[in-house]
Amino acid sequence: MGPRHASVGLGRTPNPGLAVCAGQRTRARRARAYMDVFTATPAQPTRPGPTPEPALDANHEGAPPMAADRAPASLSAKSPNHALAHGLTTQLMTTLSLPGAGLSPRPTRYLRPPPPSPSRAMSGPCVTCGAVLARAPTIDRRHTMYDPLVQSADVRSAHPSLQRCRPRRLAWLLALAGAVALPGLAQAASCAGVAEWDQAKIYRSGDTLQKGGVLYRANQDIWNAPPDHPAGAPYYTNLGACDGGGANQPPVVSLTSPANGATFSAGSTVNVTANASDPDGSVSKVEFFRDGSSLGVDTSAPYSANWANASAGSHTLRAVATDNNNATASTATITITVNAASGDTTAPSVPGGLAVGTRTANSIALSWSPSSDNTGGSGLAGYDVYRNGSLVGSPSSASYVDGGLTASTSYSYRVRARDNAGNASAQGTAVTASTLAGDGGTTGKRVIGYFTQWGIYGRNYRVKNIDSSGSAARLTHINYAFGNVRNNRCEVGVTQASDPNTGVGGDAFADYTKAFGAGESVSGSADTWDQPLRGNWNQLKQLKAKYPGMKVLISLGGWTWSRGFSSAAQPANRQAFVASCIDAYIKGNLPVTDGAGGPGAALGVFDGIDIDWEYPVACGIACGTPEDNANFTALMAEFRRQLDAVRPGLLLTVAVGAGIDKIRVTDPAAYHPYLDYINVMTYDFHGAWDAKTNHQSALFDSPSDPSTGDQKLYNSNDAIEAFISRGVPAAKLNLGIGYYGRGWTGVANANNGLYQSATGAAPGTYEAGIEDWKVLKNLAWPGYTDNTAGATWIYNGSTLWSFDTPANITRKMGYVKTQGLGGAFVWEFSGDDAQGTLTKAVSDGLK
């Protein structure tokens, strides 16, 4: 998501579907940098004034550079001896309960100093040095967040409260630390049956765990703090190296029946059995899966599960065993065939109990009692949901969320059941439900905007600016960009520079630990040091309180953080991945860091999840696989299942590429029933990666466009038509608007610069080739409109910028209304001016 050519898959070559995989995207990068700059003072409001935004790095996209030549000398050299000394010092202070240890009564990750007094905010006695060393409160977080260890003399020079700390006192502490802590390092301990440290687990006082071949015991409740890191060491007791018992070994499991390739008759019961054992413990459970969905769990041998009333078709089966230390092992996947019963002419029972669940301005949740098929029949295949007499969805389970609706509108629903032989029941009793008013009932269209995690740094754009600009009053939804997908889970609580080459990265500081001052806050009240929720997420929660009809979604992935989707969506990982996302973002269970977070800390911030996988099957920052197609659909189904299990009405949406090369390799007809709506990224069609200038966000195609192949279809209308022709209701589609322009320089002076050769990317504030609209609007250059393409640009004789003006946005909103689309979304707020001019054009244009 966001301004980059990724939405249509453009590379540096004329063919956008090729040459965009690993190592070949050397110039084209997202214009919105992840984490422009890190600054923080966790125990007080952040210092006034914007932090200069760094130039974008080609590999890190503006992430804080950590090279020695760009870091203060005091932070460029660290020795192993210093690291050990620091860890032992802070551990000793905790053990002896010295003043200033700053221990938190709830699970925490880092030592933190006591709250500052009003008169001397950042001073403190020398005895607090050991605690402050772990996270000096006024040292630039750009560096300390990645490595809390700093040279003691350097820290003292950077922080007044440490200047009174004397090396002799530190040496005394280290000597005593060695006497107390070092013997424990030589001890041997039995690690048999002790689980490895789990970042997501809350350890209670007295719990044992192992990490790196060493046994530890938790001294207090602690979450997300590694015991072998100096910042986490004070919270554990080192019980010694493992004595050879070794790390926990996973269980062993195999399917015993049915055999691979077995056949059954539709309607029969398939008994699935498995053998499971554990070499160094016991098996706690075996879970059986059919086509990636759970058949059931058995906690004692012999392990089995039954699939009753099997439906016709080809199906996969597998089993997963879990041992007493939560280690898992999976069987190989087998395939069975269920043949349709011959002569089945009996329809399933009529669905009953149709009921209305959660309603929003754009969606209505439905549920009903499951139907049954006749004995010996072909088996129940699913259901058909009808809205006002028209088929709108065909779910396989007895629930459905109908999205893309108009606010303040009444709808009638009926449901019928189908079996695998094609027999359909009569439609059940109808129910009527109305959507909520939404944005005051003024348009009935969605107005969605992306707020970027990193915008609070160099761009100096906060959640409060959405309100003060007047934009908040015009919005129906806000998407928060982004959450990382890594190691088959939603990764939260991490503060680390983003690396597009690996997918590593996170900014828990911006998300939920940064303290905003009163003048920066939506509510007008400053955050306190001990709030469990601070940062952008708390500000979004305040904005929702001010505008009760507004919904906020977490957007997962984006250009840099989509690497993990392909693995996470695989059958073996899918359920656990989705569960981790829901646990963090919907249930609000956050790792504790800098005194913020904890169970339920973010509850109520997010009303749903937006999936921005760039891209299934095709190439984004990395290339997908053919299996991504089916896995993408299955992932949407799993998200819908688990979201509905928490609370019907939670939103599930996707952001998708607008290039036909991205659309044709997935199956919108299959995945859209699980979604409330689809954001089509109808921008970044062209940019400085192209040798010739072109429209970056054309509404229609133009016969004058010299593009060939798939690029001939790079325009908004062709993208929308591609989805509609594949069965997606128009009301589920939102048109994308970019609050920025794409630019070229060295442009030949002909045809007002359009479709002309260029020498390179035009200079930009944050990155060459891209500029915010709020900057471009002030350039006194001649402007031009291509009425055929529905696009605008400016050109000064050598440099050309292509972008949407307020007038062109109004035209596009007319297209949204004419085509019956659900609304529009924008990337992203900080490109607009302080008056919210572009958001006003979107909102007013939809009226």
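Residue numbers for the sequence shown follow my numbering, beginning at 78 and rising by one. Virtual Cβ for every residue (Gly too), placed ideally from N, Cα, C.
Grouping DSSP H, G and I as helix and E and B as strand, with all else coil, what is residue i?
| i | result |
| --- | --- |
| Gln297 | coil |
| Pro311 | helix |
| Asp787 | helix |
| Gly532 | helix |
| Met713 | helix |
| Val571 | coil |
| Val682 | coil |
| Lys769 | strand |
| Phe341 | strand |
| Ala673 | strand |
| Val330 | strand |
| Cys700 | strand |
| Asn811 | strand |
| Cys658 | helix |
| Ala550 | helix |
| Asp217 | Unreliable placement is indicated for Asp217, whose pLDDT of 30 sits below 50; the coordinate value is still reported in the next sentence. Three-state DSSP puts Asp217 in coil, outside helix and strand. |
| Glu905 | coil |
| Tyr751 | helix |
Give me the Cα-Cα distance between residue i and residue j, rounded to the nearest whole angstrom.
| i | j | result |
| --- | --- | --- |
| Gln573 | Leu667 | 16 Å |
| Ala808 | Val508 | 21 Å |
| Lys917 | Ser548 | 7 Å |
| Ser455 | Asn348 | 17 Å |
| Asp753 | Ile688 | 12 Å |
| Arg124 | Glu597 | In this prediction, Arg124 scores a pLDDT of 32, lower than 50, which makes its location untrustworthy; the coordinate-derived value is nonetheless stated afterwards. In a straight line, the C-alpha of Arg124 is about 11 Å away from that of Glu597. |
| Val757 | Thr410 | 35 Å |
| Asp368 | Ala585 | 36 Å |
| Asp972 | Ile740 | No answer is possible for residue 972: the residues shown for the chain start at 78 and end at 924. |
| Ala269 | Gly290 | 11 Å |
| Asp421 | Ser388 | 13 Å |
| Pro328 | Asn497 | 37 Å |
| Lys769 | Ala747 | 37 Å |
| Asp705 | Gln652 | 16 Å |
| Gly521 | Thr483 | 5 Å |
| Leu633 | Gln504 | 38 Å |
Would you give the residue range spanned by the beta strand (DSSP E) that residue i belongs to?
| i | result |
| --- | --- |
| Thr730 | Leu728 to Gly734 |
| Glu364 | Val360 to Arg367 |
| Thr412 | Ile411 to Asn416 |
| Pro668 | Leu667 to Thr670 |
| Lys288 | Thr285 to Lys288 |
| Asp479 | Ser476 to Asp479 |
| Ala351 | Val347 to Ser354 |
| Ala746 | First-last for Ala746: Pro745 to Tyr748, but that is the alpha helix (DSSP H), not the beta strand (DSSP E). |
| Gly818 | Tyr817 to Thr822 |
| Trp274 | First-last for Trp274: undefined, no H or E at that position. |
Between which two residues does the alpha helix (DSSP H) harbouring residue i extend?
| i | result |
| --- | --- |
| Leu853 | Trp850 to Leu853 |
| Glu568 | No alpha helix (DSSP H) holds Glu568; the beta strand (DSSP E) holding it covers Arg566 to Glu568. |
| Leu915 | Thr914 to Gly922 |
| Pro802 | Checking the sequence, you will find Ser at residue 802 rather than Pro. Segment Ser793 to Ser802, the alpha helix (DSSP H) holding Ser802. |
| Ala587 | It is not in any alpha helix (DSSP H) - Ala587 carries neither H nor E in the DSSP assignment. |
| Asn542 | Val540 to Ser545 |
| Asp738 | Ile737 to Ile740 |
Which residue from the options puts its Cα closest to that of residue i?
| i | options | result |
| --- | --- | --- |
| Ala656 | Gln616, Trp638, Leu712 and Pro703 | Leu712 |
| Ala302 | Tyr280, Thr483, Val903 and Cys319 | Tyr280 |
| Gly430 | Asp421, Leu443 and Thr437 | Leu443 |
| Ser334 | Thr865, Asn383 and Asn315 | Asn383 |
| Leu292 | Tyr751, Asn315, Arg539 and Ile299 | Asn315 |
| Gly922 | Pro425, Gly470 and Thr887 | Thr887 |
| Ser511 | Arg523, Ile797 and Ser489 | Ser489 |
| Asn465 | Thr486, Ser407 and Leu729 | Thr486 |
| Pro780 | Ser774, Gln773 and Leu790 | Leu790 |
| Glu844 | Gly820, Leu610 and Asn794 | Gly820 |
| Glu715 | Cys658, Gly674, Pro428 and Asn828 | Cys658 |
| Asp544 | Ser282, Ser784 and Gln616 | Gln616 |
| Ile460 | Tyr477, Leu915 and Thr408 | Looking at the sequence provided, one finds Tyr at residue 460 rather than Ile. Residue Tyr477 is the option with its Cα nearest to Tyr460. |
| Ile686 | Asp660, Ala699 and Ala494 | Asp660 |
| Arg611 | Asn401, Ala404, Leu680 and Val723 | Leu680 |
Nearer than 7 Å: is that true of the beta carbon of residue i relative to any heavy atom of the ligand GTP?
| i | result |
| --- | --- |
| Gly813 | Ligands in the displayed structure: none, and consequently the ligand GTP is not present. |
Checklist entry - Taking the runs of the beta strand (DSSP E) that are 3 residues or longer, which of them lie wholly in the stretch 863-899? => result Complete beta strand (DSSP E) runs here, min 3: 868-872 and 877-879.
Checklist entry - Which ranges does the alpha helix (DSSP H) cover as unbroken runs of at least 4 residues, wholly within the stretch 593-653, from first to last along the chain? => result The stretch 593-653 contains these whole alpha helix (DSSP H) runs: 612-623 and 642-645.
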